[in-house]
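Under the working numbering, think of the first position of the sequence shown as 1071, with each following residue one higher. Think of the CB as a built atom: it goes at the ideal place given N, C-alpha and C, for glycine as much as any other residue. Here the structure is a predicted model, which is why all the values come from computation and not from measurement.
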Amino acid sequence: MPVYITADGALEIERQSPPVRITLDSPAVQPGQTLTLLRESQAGAVFGPPTPPPGWPALKAADDRATTVTVPNGTPLGRYTITNVVRIGETEFVVPIEVEVVPRLLRG
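Next up, the structure:
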């Protein structure tokens, strides 16, 4: 459904950075591998602790911005979701962070 914006006078539109940014150092990992989840805020957002997928170990916070994620050995291949609650003012958002577990490379 389209959205229309109207005004009596001129509109000023500016590009703004997102209020929060959550990134992984790699979107694809192998079982047993560790990666880092980074969280940044420019709008005074408050991050809750990230929640790992079922069966994964608790995530370890390195500091208030970085969290270590270790994919358990034996994890089946596929897509998994880490969730993080972010509060901006009185509003809470649940942010899904997708991780894909891929096969180990065969070396001969």
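Evaluate T1093 with the Cβ neighbour count: other Cβ atoms within 10 Å of its Cβ, from every protein chain shown; 16 or more gives buried, anything less gives exposed. exposed
Buried or exposed: where does Y1019 fall if 16 or more other Cβ atoms within 10 Å of its Cβ makes it buried? Absent from the structure is residue 1019, since the part of the chain shown begins at 1071 and ends at 1178.
Let me confirm a value: R1149 is counted as buried when at least 16 other C-beta atoms fall within 10 Å, else exposed. Which label applies? exposed
Mind checking G1154: buried by the 16 CB within 10 Å criterion, or exposed? Gly is not the amino acid found at residue 1154; the sequence shown has Asn there. With 16 or more Cβ atoms within 10 Å of its Cβ, N1154 is classed as buried.
Just the C-alpha distance for G1159 and P1122, rounded to the nearest angstrom, thanks. 25 angstroms
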